Every structure is written in structure tokens, then in C-alpha cells.
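Heads up, the thing below is written out as C-alpha cells.
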Amino acid sequence: MALRIPSLRRAARWVPALCVTLAMLALAGCSPDGYPQTTLAPKADFAELLDQVFRRSFQLATIVFFLVEGALVWALFRFRGKPGDAEPEQNHGNTVLEVVWTAIPAVILVFIAVPTVQTIFKTAEVPTDNPLVIEVTGHQWWWEFRYPEYNLVTAGDMHVPTGRTVDLRMTTGDVLHSFWTPQLAGKRDVFPKRDNRLWFKTETPGTYPGQCAEFCGTQHARMAFQVIAQAPADFDAWRVGLAAVSAPADSGAPAPDSLVARGQQLFATKACVGCHAVSAVGAPTMVGPNLAGVGSRSDIASGWLPNTDENLARWLKNPQAVKSGVLMPNLGLTDEEITALIAYLRSLSVVPAPGAVAMTATGN
Amino acid sequence: MHPPTATGLDTRKLAIWTFIGSECLFFATLISNYLVYKGHSLVGPLPHETSQCMLHGQMTTCEPIFEIPLVTLGTAVLLFSSFFVVRALDGARAGNRTQLIRWLAATVVCGLFFVGMQVYEFTHFYHKGLGYTTNLFGSSFYTLTGFHGTHVTIGVIWLATILVLALRGKLPAEKAMNLEIAALYWHFVDVVWIVIFPVVYLMR
Amino acid sequence: MSTIAMGHAGTEAAPAEKKGLWSWITTVDHKRIGILYGVTAFLFFLLGGLEALLIRWQLGAPDKTFLSPEAYNQLFTMHGTTMIFLGVMPLSAMFFNYFIPLQIGARDVAFPRLNAYSYWVFLFGGLVLNASFLFNAAPDMGWFAYANLTSKQFSPGLNVDFWIIGLQILGIASLAAAVNFFVTIINLRAPGMKMMRMPMFVWMSLITQVLLLLAFPIITVALVLLMLDRNFGTHFFVPSGGGDPVLWQHLFWLFGHPEVYILILPAFGVVSEILPVFSRKPLFGYAAMVFSGCFIAFLGFGVWSHHMFATGMGPMADTVFSLGTMLIAIPTGVKIFNWIGTVWGGSIQYKTPMYFALGFVAMFIIGGLSGVMHASPPADLQQTDSYFIVAHFHYVLFGGSIFALTAGAYYWFPKMTGRMLSEGLGKVHFWLMFLGFNLTFAPMHILGLNGMPRRVYTYSAGMGFGFWNAIETAGSLILGFSFLVFIWNILKSLRSGAVAPADPWHGATLEWSIPSPPQEWNFAVEPTVDSRDPLWERRRANGGTLPEPARVSGKGIHLPSPSYWPIVTAFGTALTLVGFLMHVNLAVILAGVAITMIGIFSWAFEPADH
């Protein structure tokens, strides 16, 4: 017995130090800074609700972790056998103790179960405060966003206004996907021929990355998107700009013989037009993403390749080399043709027009 | 002949019971699949309803496809066969070879009749426009009853093998367990049909 | 099929020692079959580990192009499938085979030839599954193969077919083995070994067999339906024909969740054997351990939809499945507390098996706690399909199952081979594995909570995932290296290890009462049992020591005859299913059925023992 005490003391000295170090490491590791897609820094009501439940269960789990692992580690030092030790007491169990430690987890679970059930029901109901409906469709491997209220469709970047609930009605054009934008809401899987709902309201303008979270084939890893939350006026400017770029007559046809005109002509003759629409207004779902406003999108190839001329050129040269498995084939374009197409695609940029916004605003 | 087991149960008998327990889940899954899908057909023919279906390349109105009397007969025959195999087993245990062979042969004939009934039914349905992939009702119906029919067929082969042994005088009373195990399987196949018949044919 | 008769008096000569390849092919000895399972499963396990290392290398830094997306998707699918069906399950089967008969005092399993058949079917299944690599068509849709990605339209290649047929073959092996072990445990216990005197490993194995018997038929049907969709044009999971991909998820997880307990319950059993022996006191709360195991298994069939919270099942279903899942934490907690209670007040002998068993308890607590977190649907909506889940199930399946199975390997290796493993190398193995494991999987919690989805072949630098992924990759290399130490330890021990006595650890159970390795007939004289720790009782009665059991001649002991019909029948079974893989090749299928029938008839009419 006396022999054991020094080793116990030694252990007692560094166990708390170890615990503190571990806790600090865990906290440092869990800090959401530097992780744009983190679940730990919610920026919308839905994600906030999820986060509260997570924090409750995480805190309780941490306490249980230290108590149980502590008891285990303590026992491992305290009951270390020595040569020549007598046989320890042959203890077969203790009913009272066993009942107690059956009951304690049950009690702890109640503290997780109650907020869980409350939150399940809270998140199940879509708020009815005039939400903005967006129809989301997953495709291998890009996201399509349709705004029935404005008769607009876009891809890759989902623009939403701040301060207004967004009501997502989600389905898929092919296989299962899962819509996940961690800072705004949790995951929701999408199924063929079924509308799945998710909603959120954010007050913080910003760009929130999101990603497909259900394995959906070769390029599952590259099926990202951005949610761009804007102040209502900016959002309106964007949607009016998107409608404007969809109607070239309003924004002026490109000068004949210009690079843009050459690109437009190539777009029509090089099979692009067979899969991509360039009008966002009332456009049907096509094989490829809608390209209205593509010139000013943040990314191409579904949210992971920055929308630079260089990247666009790479993509047009051979999409399969950039993202193997996508439906877009290598069209065998020459460098000259690529330059012209890029010029044309850049011309399809959403230029926020404040005047136009004011007009529609009064129109509404 | 073997020393007593820990439970006193014959080991092979316990094994067949265990296997039957597992098979219950197999058929439960197939039956669930049928129940989930029988109402999900996009076209006819349907089990109990008049529907639009494709026949000889054109859409026509199809009558409900099930014909209950024939299946009822098949069900009755299968039920009787369970009784017959019990009689055969009694004969085997008592060393009564005539009783054993007579009732076992009757069981095998009943099993064969049931399989024949099913072959006829499937062919008949096919001619009435219900192919294997016509609709989800058809696919799940054929899959469920087809797997049951396969079980009946295996049972018939098993019992027929024992019948041949019995005819050659190789099933003395002390080997009656060989028949008892086959009989347990046969009862199970029967009981599964007792579930399938109302669930598939009678329930609307 | 005939059972093993115990205690037969005969006049035959003593069975000769059997050697050579043929003796292994025709063996029906549960111990040899156990070794076959162990060696085969360990090789598959190493293959799965190699796949994991390739995955980790690819993820070691952002935007790496070490693996193509196609290759990565095949590797992660095969890694999961291999580790579950060809690694952990058959490694457990090794222990079932070798130690269930020894622990219950039986001379073999109830159906020795069926046992051989199970092994051969398992081997063929594993080979078929991995043959897919030769055709560059390894399964590439994830181990739970969600419809409708698996439809012919979206997966036109043979990849999915290899997975379906491989799993179908393996399922047959599992079911045959489950019937066998269930009957063995129920019926072949030595006199006096009542159910509540069985070693905890036998208890947990029994529960595992029940789970296998009830869960595998469900996946069998699901795989049949998927096969029909792909090869015969049905629409069970194809939305265009009215089918519902969600039904696949229900069927898969109705099997898949019990499968989780199939993977972990044997580990519970192994650890419950080791902790008492090396604490020198009995298992704390034996009855609670039994009932919590039963309760976990029972609840395991009612919580499958907690894998589907993100599918939008509605608040009622979410609530029911969430609360059901949380309930499982209670019996699991009881187990953990009882393990700690076993160690508490003991005299802990720090041998290698104990290291791994304690490592299991420590790591399994973490896996259990993260499991409770995503039992809550709101938390799960963020955690599911992220690396947090990957961290969770590796803490359960690696920190849990693999640590426990490794503990079992160190514990029982002397009994199986007659040689001791090196304690020094064993402890090096433990610390490397413990360090490597935590470096690999602990940061996955952080990455998952910070938004890294699972099953991605790469990630962009801007996501911030690079640092912890690099740490994980370094950890995985240490983890891989630890297994090289293990292999070295095994090889060294087999060549020149210390000779193992019958009872090197002062064990409590019957397997330690016979020589190491046991003779073919296990027990020359049928043992009788009158307590839970029969060997401890005997030792106490004998003044603290037991004489080394002598090797006996075995004259007059009835043993089952070797037979090649199990491997023939297994080949026929596998061939039949491979016929479906070969675009439903009728000739191959019929040949397979014919071989199976010939096998079964020859088997049935072959005399079972000499």
C-alpha cells in the first residue's frame, strides 16, 4: 500500500496538467476561425437552433468524458499489481452501484433529449412570415436555384436577402444529393420526385460556402456552391441585373465583329446552346447550368474553381481534364475560339443597376 | 444414439428451427416490399382493381388479375400436404413403411401440384399483360411468390429424396429424425404461404 | 449432417497427426478453420489498411492529384466493405471458431462440415469482391450503396454488381456460420455450464449470432432486389418506374444497424474475458453484462432510421428514432462502468493483452459519447456525412473492435500456436497503435465540425482543412507501421518464441485447462463445470497452482472425418452467384447449381465420422 502512494502522487500531479492541455488543444482545434464552412459559427436562425443542441450535448459529453476516463485512468494507477500481491477481493458486483450507474446516464440523457425534441419540432415547421421560396435542384455535379417569385433561375451561387426567411424546396434531377450550408442550416437530402424542405433566415450579409454531403458519384467532392446573403436592396439589384442580362435587347446587342459577338456566334454553333441557357428568366432546366450572369459569378465548375479567365480557358479547353466525369465533352475548341467565348461569357455579367431596382421596388 | 445435449433438444432439430427463424425475416422483408409497392404501379394490370394496361402493344382496360378460386385450391392442397407429412412421420417413427411411403408420396404430389399451379398462374398472368417488369406490383408479386415457389421446390426435392430412401428401405424408425427435419421445413414453407395468401390475394 | 458425439468409446486407432495442404482443404476441425479464418481475414484486413493509407495519402494536402476521383471512390468503398465484411467480421469468426467450443467444453462445433463450408464460401466471397480490382471495376458507390446512384443508368459498369454478388456470397457464409454457432452454444455446453455460467465471450457471441440470423436475411433481400433492378429491368429503387430509393435506405439500415453490433459485441466479449484475468478478480456485474448485451441487440433493431435523419422523415419519426438511439447509451454505459468496476480493486497485471483491452475501454468511451451527440437529430443534421461521423465510427470500430480483437489475438495466440508473443514488441505495438490511432482519428472530429464532408477525394485549400489532414496522414503512417511491428512479433514468435504453457495468464475459462495448442479432440475427458470461473475454482481447490495438463494419445476418441464436399459445395454456391455477376450467364449459373447439388447430396450421404 505504502509503495503505491508515490506513483499515485506522481500521476496525480500530471493528470490535471494533461487534462488542461488536452482541453486547450481541443478548444484550439475547434475554433471556427479559418474554416469558412464551419458548423460552429452559425449565422442563421436554423443553424443557431442546431448549434444550441450540439453545445448542450457537447458540454455534457465533455463532463462525462473527463469523469469516466478519469476514473479509468485513476484505477489503472491505483490498482497496479505488484509481484507477490495477494489475490484481491473477489467482488462479483454491487447491485446498488449498478442501479445507480444505470440511472445516471438516463438522467443525463433527459437533459439532451428535451432540447432535442423541442428543436426537432421547431425546425420542422417552416415559418410562414412571407418566406422567399427557392426551388433547389441537385444535379451531378452542380446545384440549380429557381426563384418562382421572380421567375428566375441560376446555378452555383444562391443569392438570398438578409432578414427574410428562405424556404428551400429541394429535389434532384438525377441521384441523391444533400444540400449543406453549415453556417446557415443543417443537411437535407434530396430525392427524385419529392420536395424536401429546409429553411433559414440570416441577418448577416456574407458569402457562405456549402457542399453536397451525400455521395453522388465521381465528382461528389466538387459539388460545392455559395450562398450569398445580401442586404435586401443589394439582393434586389442582383435579381434585376440577372433579369437584365437575360434580355440582351435591353442591355444592347454586342457590336458586330466584336470578340463578344464572335463568342456569341460560337456559343450558338459549337453545341453550347444545346445544354446551356443564357436567359435566367423562366428558363427550363437544361442539361448544363444556366449561364445567365455567369460572368460575375464567384466560381465556376460548381463552386470550387475561382471564376478567372485562366480557369475558364482551362475548362473550355477540356472540361474532362479539370473535372473528369462531367457531362460536358471536350469540344475541341481552338485558343482563338476560347478567347472569344470567354469574352462572351464575361459579357453575361450581372451589373447591379440601382435605378432599375427602384423601378421594380415601386412596381412591387 | 447420441449422448444428451445441453438442452435435450436434438442438435439438427435446433438447427432447422434456427434456420426457420432466420427465414422468417427473409419472407417478412419480401412481404413488406410487396406491401410497400403494390399501390405504386404506374400502369396496370393491378391485383384487385380494373386498370389501364398495355396488352399486345396497345393500351386497354384490364380486369383485376387475381383469380382467387385456383389459388384457394393450391392453398388447400399445400395445407393438406402438411397434414400428410405428419402422417408420414408417424409412420416413419412407428416403423410402418407402408404408411410412411404412402403419405410421403402424397405430400410430394401435393407439393408438385402447388408448384404446377404457380407455373400455370404465372404463365396465365403473363398472357394477361403482367410481365415481370410491367409494374411494381408485378415485380414485387413475382419476386415474393417466386421465392416462395423456390422454397416449395427445394422442399419437394428434399422430401422426394427421403421418399426414394424410404422406398429402398433406408429410413428405419431410428432415422425418423431425417424426415422430421424436412417436415419442419415443409411446415414452415406452408405457414409462410398461409401469411402470403391473405396478405397478397385477399387483402385489398 | 451429423453432430459430434462426445465421450464415444470406440476401438479405432488414435487419429494420426494431419499435415499438408490437402489436410487444410478437407479439414473440419474448428481450430484449423479458426486459423484459416484468422489468416485470411488478417490478409484482407491488411489490404483494407493499405487502401486506407492510399486514401490518407491523397487527403494529406489540399487539391492533391495522387489518386483520380474514380480510383479514390473505389478505394474508400472497398476500404469500408473490406474492413467490415472481410476484416472485423471474420476476425471475430476466428475467435468464434477457435474458442467457443473450447470455452464451453465441446469437442467441435455442432456441424463441423457446415463450418468448413462457411469458411470456403467466405473465402470465395472475399476473392470475388476483390477480383473487381482486376477488371478495374471495384465498387465505387460507398459501402451503403444508396439507390439510385446504384441503378444501371448512373452506374453502368460492373462495379455495383461485384459488390452485390460479393456481399451476397459473404452473407451465405455468415448465415451458415450463425446457425452453426447458435446451435453449438445452446446445445454443446459441457455438463454444468448453465447459460448464466457461460464465459462472457460466449454470451456476446451468442447474441451476435442472433443478430446475424435476423439481420442478414434483410440485406439478402435488398441485394436481390437491387440485382433484379440492374439485370432484369425491375424498378424497385428506380424512381422513373415508381420505385423509391428511400426503401433501400430502410432495408439497408435495418440490416446495417444490427451489423454495427455484430461488429462490436464480439469485441465486448473479448474484453470481458481479458479484464478479469489480468485484474485477478471476476467480471463485475456478470448478469448486468449479459442483459445489457441483450438489450443493446434488441434496441439495435429499432433505431435504424437514425442513419437517415437528413432524409426529412418528419418530426415524429425523428423523435422516436432519436429517443430510441439515446436509450442504447444506457446499457452501453452499464458495460463501460462494469468494466471499470472489474478493474477497480483488482491487482492489474500489465501484460500486452491488458494494454489493448484497456485501450479499447478508453477509446470506446469516446466513440460512445460522440454517438450520443448525433443521436440528437438537430446535432446530426450538421454531423451526418461529415468527418465527425468518420471519427465516431472509427473510434467505435477501430478504437473498439480492432483494439479488442488485437487484445484477443495477444491473449489467445499462445493457446492457438503454443508460442508466446514478445511482450516488448507487443507494448511497442500498443503504444504505436494508440498514438497512430488517435493522431489519425481524433482530428477528424474537428474537421467534421468545421465542415469537411466525408467521401470527398479532395478539398480546396481555402477550406482550411489542410493542417489536420496532414496530421491525420502522419498518424495513419504510424498506425500502419504499428501493424508491421505486430506482424514481426507474430513471425518472430512462431520461429523462436517462448513455448507457451497451457495457462500462461492464469485464465478462468476452460480453454486454459488443456495443452497449448490443444490436441485435435480438445478435451480428452469431458469437463464438468460448476461455476463461472471453473479454472480459478480448480486452482483454489488445488492450493493455487494447477499441474500442466499432459498430452494424451486420443485413442478411441471419435472425430469427424475430413471432407472435401464442403469446399466443392462452397465453390458451387459461389459459382452460381458469379453467374449473375457475368451478365446473368445461364450456363455458369446452372453449372453452379449442379455442383452445389452434387456437393450437398454427396455431403449428406457421406458418413460423418470414422
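Chains as they are written, first to last, in our numbering: chain Z, 160 to 523; chain G, -2 to 201; chain A, 27 to 636.
All residues carry an ideal CB built from backbone N, CA and C; glycine is no exception.
Bear in mind that the values here come from a model prediction, so they are computed numbers and not experimental data.
message: Whole angstroms are fine: how far does the CA of residue 204 of chain A sit from the CA of residue 16 of chain G?
response: Working through the second sequence from its first residue, we reach residue 16 of chain G at position 19. Working through the third sequence from its first residue, we reach residue 204 of chain A at position 178. About 9 Å.
query: Are any of the Cβ atoms in chain G nearer than 7 Å to that of residue 354 of chain A?
result: Taking the first residue of the third sequence as 1, we reach residue 354 of chain A at position 328. False, the Cβ-Cβ gap to chain G never drops below 7 Å.
Chain A contact for residue 23 of chain G (CB, 7 Å cutoff): To locate residue 23 of chain G, count along the second sequence from 1; it is residue 26. Closer than 7 Å: yes.
- prompt: Using DSSP with H/G/I as helix, E/B as strand and the rest coil, what is residue 485 of chain A?
  reply: Taking the third sequence and counting its residues from 1, one reaches residue 485 of chain A at position 459. Reduced to three states, the DSSP call for residue 485 of chain A is coil.
message: So residue 129 of chain G contacts chain A; which residues on that side make the cut at Cβ distance below 9 Å?
response: On the second sequence, position 132 is the one that residue 129 of chain G refers to. Ordered by position in chain A, the residues that pass the 9 Å Cβ test against residue 129 of chain G are 254, 258, 259 and 260.
Against chain G: residues of the region 234 to 246 of chain A by CB proximity under 7 Å: 239, 240, 243, 244 and 246
query: With DSSP run on the structure shown, which of helix, strand or coil describes residue 306 of chain Z?
result: Translated into the one-based positions of the first sequence, residue 306 of chain Z becomes position 147. Reduced to three states, the DSSP call for residue 306 of chain Z is strand.
message: Just checking: is the beta-carbon of residue 59 of chain A within a distance shorter than 7 Å of some beta-carbon in chain G?
response: The sequence position of residue 59 of chain A within the third sequence is 33, counting from 1. For residue 59 of chain A, the answer is no, since every Cβ of chain G falls outside 7 Å of its Cβ.
- prompt: If you draw a straight line from the C-alpha of residue 137 of chain A to the C-alpha of residue 3 of chain G, how long is it?
  reply: Walking along the third sequence from the start, residue 137 of chain A turns up at place 111. Walking along the second sequence from the start, residue 3 of chain G turns up at place 6. If you take the alpha carbons of residue 137 of chain A and residue 3 of chain G, they lie about 16 Å apart.
- prompt: Start and end of the alpha helix (DSSP H) containing residue 12 of chain G?
  reply: By 1-based counting over the second sequence, the position of residue 12 of chain G is 15. Run containing residue 12 of chain G: 8 to 34, per the alpha helix (DSSP H) assignment.
query: Does any residue of chain A bring its CB to less than 7 Å from the CB of residue 19 of chain G?
result: The count along the second sequence starts at 1 and reaches residue 19 of chain G at position 22. Taking Cβ atoms only, chain A reaches closer than 7 Å to residue 19 of chain G, which makes this a yes.
message: Using a Cβ-Cβ cutoff of 8 Å, what residues of the region 194 to 205 of chain A are near chain G? List them in chain order.
response: 201, 204 and 205
field: Cβ neighbour criterion (16 or more within 10 Å) applied to residue 599 of chain A
entry: For the purposes of this step, residue 599 of chain A is taken as residue 573 along the third sequence, with counting starting at 1. Burial call: buried.
message: Does residue 480 of chain A pass the burial test, meaning 16 or more other C-beta atoms within 10 Å, or should it be called exposed?
response: Numbered from 1 along the third sequence, position 454 holds the residue referred to as residue 480 of chain A. Buried, by the Cβ-count rule.
task: Output yes if chain A places a C-beta closer than 7 Å to the C-beta of residue 133 of chain G; else output no.
output: Here residue 133 of chain G is taken as the residue at index 136 of the second sequence, counted from 1. Yes, its Cβ sits closer than 7 Å to a Cβ of chain A.
message: Please list the terminal residues of the continuous alpha helix (DSSP H) segment that includes residue 449 of chain Z.
response: Numbered from its first residue, the first sequence carries residue 449 of chain Z at position 290. Counting along the chain, residue 449 of chain Z falls outside any alpha helix (DSSP H), and DSSP gives it neither H nor E.
field: Expected contact under 8 Å - CB spacing of residue 300 of chain Z and residue 314 of chain Z to nearest Å
entry: Within the first sequence, residue 300 of chain Z is the residue found at index 141, counting from 1. Within the first sequence, residue 314 of chain Z is the residue found at index 155, counting from 1. Actually they are not in contact, since the Cβ atoms of residue 300 of chain Z and residue 314 of chain Z sit about 11 Å apart, beyond 8 Å.
- request: Pick helix, strand or coil for residue 291 of chain Z, following the three-state DSSP scheme.
  value: Here residue 291 of chain Z refers to the residue found at position 132 when the first sequence is read from its first residue. Residue 291 of chain Z: strand per DSSP, three-state reduction.
- request: Compute the Euclidean distance between the alpha carbons of residue 409 of chain Z and residue 94 of chain A, then round it to the nearest angstrom.
  value: As a working mapping, residue 409 of chain Z is identified with position 250 in the first sequence. As a working mapping, residue 94 of chain A is identified with position 68 in the third sequence. Any reading at residue 409 of chain Z must be qualified, since the residue scores a pLDDT of 46, below 50, and its modelled position is unreliable; the value itself is stated next. Going by the C-alpha atoms only, they are around 45 Å apart.
task: Measure from the C-beta of residue 213 of chain A to each C-beta in chain G and report whether the shortest distance is under 7 Å.
output: Reading the third sequence from its first residue, position 187 is the one you call residue 213 of chain A. Output row for residue 213 of chain A: interface = yes.
- prompt: So, does the CB of residue 208 of chain A fall closer than 7 Å to a CB anywhere in chain G?
  reply: Along the third sequence, one-based indexing puts residue 208 of chain A at 182. Closer than 7 Å: yes.
- prompt: Using a beta-carbon distance below 7 Å, is residue 268 of chain A in contact with chain G?
  reply: To locate residue 268 of chain A, count along the third sequence from 1; it is residue 242. Taking Cβ atoms only, chain G reaches closer than 7 Å to residue 268 of chain A, which makes this a yes.
message: Can you find the residues in the same chain that come closer than 6 Å, C-beta to C-beta, to residue 31 of chain A, ignoring five residues on each side of it along the sequence?
response: Within the third sequence, the letter at position 5 stands for residue 31 of chain A. Interpretation of residue 31 of chain A is limited by its pLDDT of 41, a score under 50 that renders its predicted location unreliable; the figure taken from the coordinates is listed afterwards. Closer than 6 Å at Cβ, skipping near neighbours: 584.
message: So residue 43 of chain G contacts chain A; which residues on that side make the cut at Cβ distance below 9 Å?
response: As a first step, residue 43 of chain G is located in the second sequence; it is residue number 46 there, counting from the start. Residues of chain A passing the Cβ test: none, with the nearest at roughly 12 Å.
message: In the DSSP output, what is residue 459 of chain Z paired with across the bridge?
response: Translated into the one-based positions of the first sequence, residue 459 of chain Z becomes position 300. DSSP lists Z:464 as partners of residue 459 of chain Z.
query: Would you say residue 410 of chain Z faces chain A, with C-beta separation under 7 Å as the test?
result: Walking along the first sequence from the start, residue 410 of chain Z turns up at place 251. Because the pLDDT of residue 410 of chain Z is 49, which lies under 50, any placement of that residue in the model is unreliable, and the number read from its coordinates should be weighed accordingly. Taking Cβ atoms only, chain A never reaches closer than 7 Å to residue 410 of chain Z, which makes this a no.
task: Evaluate the contact criterion for the region 11 to 26 of chain G versus the region 159 to 171 of chain G: three or more CB pairs, one atom per stretch, below 8 Å.
output: no
- prompt: Can you name the residues that DSSP bridges to residue 388 of chain Z?
  reply: Looking up residue 388 of chain Z in the first sequence gives position 229. Z:319 and Z:365, per the DSSP bridge assignment.
message: Strictly under 7 Å for the Cβ-Cβ distance: is residue 122 of chain G near chain A by that measure?
response: Against the second sequence, residue 122 of chain G aligns to sequence position 125. False, the Cβ-Cβ gap to chain A never drops below 7 Å.
- prompt: Should residue 523 of chain Z be flagged as near chain A, meaning a C-beta pair shorter than 7 Å?
  reply: Here residue 523 of chain Z refers to the residue found at position 364 when the first sequence is read from its first residue. Because residue 523 of chain Z carries a pLDDT of 33, less than 50, the predicted location of this residue cannot be relied on, and the following value inherits that uncertainty. Chain A, which has no Cβ nearer than 7 Å to the Cβ of residue 523 of chain Z, makes this no.
message: So, does the region 406 to 421 of chain A touch the region 470 to 479 of chain A, judging by three or more C-beta pairs under 8 Å?
response: yes
- prompt: Under a three-way DSSP split, which group does residue 45 of chain G fall into?
  reply: Here residue 45 of chain G is taken as the residue at index 48 of the second sequence, counted from 1. DSSP places residue 45 of chain G in coil when its eight states are reduced to three.
message: I want to verify the contact list: residues of chain G whose CB lies under 9 Å from the CB of residue 277 of chain A, in sequence order.
response: Counting from 1 along the third sequence, the entry for residue 277 of chain A is found at position 251. Chain G residues near residue 277 of chain A: 26, 29 and 30.
query: On the premise that residue 164 of chain A lies in contact with residue 148 of chain A, defined as a C-beta separation below 8 Å, what is that separation, rounded to the nearest angstrom?
result: Numbered from 1 along the third sequence, position 122 holds the residue referred to as residue 148 of chain A. Numbered from 1 along the third sequence, position 138 holds the residue referred to as residue 164 of chain A. Wrong, their Cβ atoms sit about 19 Å apart, outside the cutoff.
query: Between which two residues does the alpha helix (DSSP H) harbouring residue 229 of chain A extend?
result: Looking up residue 229 of chain A in the third sequence gives position 203. Taken as a continuous stretch (DSSP letters only), the alpha helix (DSSP H) holding residue 229 of chain A covers 226 to 258.
query: Shorter than 7 Å from the beta carbon of residue 335 of chain Z to some beta carbon of chain A?
result: Here residue 335 of chain Z corresponds to residue number 176 of the first sequence, with the count starting at 1. At least one chain A Cβ lies under 7 Å of residue 335 of chain Z.
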